[in-house]
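So the structure is just underneath, and the comments pick up after that.
There are 2 protein chains.
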Amino acid sequence: MTWSDYDSTSCSIARTAQVLGDRWAVLVVRDLFNGVRRFDALHDHLGIARDVLTKRLALLVGEGLAERQPVAVPGERTRHEYVLTPAGRDLRVVMVALMDWGDHHRAGQDGPPMRISHRDCGAPIHAHLVCDEGHEIEPTTRTELAPLPGARLRSA
Amino acid sequence: MTWSDYDSTSCSIARTAQVLGDRWAVLVVRDLFNGVRRFDALHDHLGIARDVLTKRLALLVGEGLAERQPVAVPGERTRHEYVLTPAGRDLRVVMVALMDWGDHHRAGQDGPPMRISHRDCGAPIHAHLVCDEGHEIEPTTRTELAPLPGARLRSA
DNA sequence: ACCTCTGAGTTTGGATTGCAGACCCAGATG
DNA sequence: CATCTGGGTCTGCAATCCAAACTCAGAGGT
Numbered sequence: 015m016t017w018s019d020y021d022s023t024s025c026s027i028a029r030t031a032q033v034l035g036d037r038w039a040v041l042v043v044r045d046l047f048n049g050v051r052r053f054d055a056l057h058d059h060l061g062i063a064r065d066v067l068t069k070r071l072a073l074l075v076g077e078g079l080a081e082r083q084p085v086a087v088p089g090e091r092t093r094h095e096y097v098l099t100p101a102g103r104d105l106r107v108v109m110v111a112l113m114d115w116g117d118h119h120r121a122g123q124d125g126p127p128m129r130i131s132h133r134d135c136g137a138p139i140h141a142h143l144v145c146d147e148g149h150e151i152e153p154t155t156r157t158e159l160a161p162l163p164g165a166r167l168r169s170a
Numbered sequence: 015m016t017w018s019d020y021d022s023t024s025c026s027i028a029r030t031a032q033v034l035g036d037r038w039a040v041l042v043v044r045d046l047f048n049g050v051r052r053f054d055a056l057h058d059h060l061g062i063a064r065d066v067l068t069k070r071l072a073l074l075v076g077e078g079l080a081e082r083q084p085v086a087v088p089g090e091r092t093r094h095e096y097v098l099t100p101a102g103r104d105l106r107v108v109m110v111a112l113m114d115w116g117d118h119h120r121a122g123q124d125g126p127p128m129r130i131s132h133r134d135c136g137a138p139i140h141a142h143l144v145c146d147e148g149h150e151i152e153p154t155t156r157t158e159l160a161p162l163p164g165a166r167l168r169s170a
């Protein structure tokens, strides 16, 4: 039983990619994290086609990453906002990991464009790999992949 | 100057998504991590169309995430393998973050399908957010985003 | 010399998806 | 009653995806 004997699509990475495996989905989630919540604001900032944005938002809502909430300001007509659910907010680790990689490997002349920091202490935040014994996992550290009960073999 | 005043595409997440923001690119990288390195093996395991695989591999090579290496087994004709470069291997944090999310939010009846662990100590590995002062960043911890010299304002 | 097999793609034609821009609808506002 | 605006839908065309067929070169068999 080697890795390739297991079903590619029942892997957790594949399942997450099912939701997030699209340029726009990633960027929409990023903007939701950063407080861009209204349809037109997303359309404007991302430069995404309106119908595609509609579909991506529907996907995120359907997958439980975001919710469409009516926002009632008195004296104004009801607006709508898309807000991340707890499941959506759990993607922060992914976002920071993507950002770290871009900072290291795709920064321009002037270095990285943004810094995310811990509000309480001001220190920059990064994504790390750590094992449950507390050892830091470096890029060269050897790891092992083992199947669990949830694993599925490929059919035929 | 708020987030939406900055150019969406010059963000590090956008730049990483430029490379990895496609379902197949993510899965190809995942399989390269797991030792699936030959064209036909990738085609077979992923179920990806052959021409799309050709394009994705060309993308990964062009972006410096992978290299196409001839593998000469004596007495056999030369084969080729795609191998992750150091830049490609740096995506491990992203992969584990994606896997963690899938494990938590998309596991089936029987729980997660795979476990990645530290070979030296056997303990499972997870992606964490940590600030440079060493504080663990929980999903609810407040963070702050600040522009750096590399930031670009939107043109018009 | 000829045939076959295999790895690694390339080509082809039809089905999807993406895009920009035009259009639509309902609730304020003048 | 006409207009404006948020939040979409519709349309026509371009790019991408897909499965399956085709290509090509090097090894082996006969």
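Protein chains in written order, with this note's numbering: chain A, 15 to 170; chain B, 15 to 170.
Idealized CB from N, CA, C, for every residue including glycine.
For the region 146-162 of chain A against the region 143-162 of chain B, are there 3 or more C-beta pairs whose distance is under 8 Å? no
Out of A:Q83, A:D58 and A:P100, which has the shortest C-alpha to C-alpha gap to T92 of chain A? A:Q83
So, is S169 of chain A buried or exposed, given that buried needs 16 or more other C-beta atoms within 10 angstroms? exposed
If you run the structure through DSSP and keep just helix, strand and coil, what is S131 of chain A? strand
For R93 of chain B, the residue or residues it bridges with in DSSP: B:V85
C-beta contact flag for H119 of chain A and A101 of chain B at 8 Å: yes
In chain order, what residues of the same chain lie with their CB nearer than 7 Å to the CB of S22 of chain B, ignoring the 5 residues before and after it? A28
Which stretch, first to last residue, makes up the beta strand (DSSP E) that contains V172 of chain A? Summary: the structure shown does not reach residue 172 of chain A, with chain A confined to residues 15 through 170, and so no result is reported for it.
Reduced DSSP category for P161 of chain A - H, G, I as helix; E, B as strand; rest coil: strand
Taking 8 Å as the threshold (beta carbon to beta carbon), is T157 of chain B in contact with chain A? yes
Can you say whether L108 of chain B is buried or exposed, counting buried as having 16 or more other CB atoms within 10 angstroms of its CB? Leu is not the amino acid found at residue 108 of chain B; the sequence shown has Val there. With 16 or more Cβ atoms within 10 Å of its Cβ, V108 of chain B is classed as buried.
Could you list the residues in the region 63-82 of chain A with a C-beta less than 7 Å from some C-beta on chain B, going in chain order? none
Check each candidate in B:R129, B:L105 and B:A165 and name the one with the smallest Cα separation from G35 of chain B. B:L105
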